[in-house]
Amino acid sequence: MTDQLPRRASGVLAAIGGGIAGYLTYVHYAGLQPVCGISHGCETVQTSEYAYLAGIPVAPLGLVTYIAVLASACSRSDRALLSGFGLSLLGCAFSGYLTYREVFTIHAVCSWCVSSAIVFTLLAAVNSIRLVASRPQRYPGDPRPDPVGIS
């Protein structure tokens, strides 16, 4: 399996996620209310204590993460592959935590945040596929060492 299709998918998803996080970052720093389609809970979520991590708004943190994943999708190096995978997994896990907080603590749902969580989940899946696809095929009795270091 070639890495090209999953790598492109990762880049497209990271660009979409960057657009979402970029919009939320702009709204935050401009002091605006986010446009919130069907859920009508975006402002409640965006102004909650969970919209910050160590005093930093989570929207720009997400934006930086999406940009880093996009950069990793533009490279074919093993380091970029592992970085994209790790960041996608971290983003997916953190988005899951924030979605939990939206539903069970804040009692409001932000459609932008849910969209970002979906994108991070898809990125984690695509970058997992990239990681598996990048491993060379191993055959029983192959004397070559495993390049990743995992047998």
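Throughout, our numbering is defined as the position within the sequence shown, counted from one, plus 1176.
Glycine residues also receive a C-beta, built at the ideal position from the N, C-alpha and C atoms.
**Asked** Who are the Cβ neighbours of H1204 in its own chain at under 6 Å, not counting the five residues just before and after it?
**Response** P1233, A1235
**Asked** In terms of residues, what are the limits of the alpha helix (DSSP H) holding L1181?
**Response** 1180 to 1206
**Asked** Which residue's Cα is closest to the Cα of G1260: N1303, A1206, W1288, P1210?
**Response** N1303
**Request:** Would you mind working out which of T1297, S1310, I1305 sits nearest I1192, comparing C-alpha positions?
**Result:** T1297
**Prompt:** Can you name the residues that DSSP bridges to P1233?
**Reply:** Y1228
**Request:** Answer yes if the region 1276 to 1293 comes into contact with the region 1213 to 1226, meaning at least three C-beta pairs across the two stretches below 8 Å, and no otherwise.
**Result:** yes
**Asked** On the premise that A1249 lies in contact with S1186, defined as a C-beta separation below 8 Å, what is that separation, rounded to the nearest angstrom?
**Response** 4 Å
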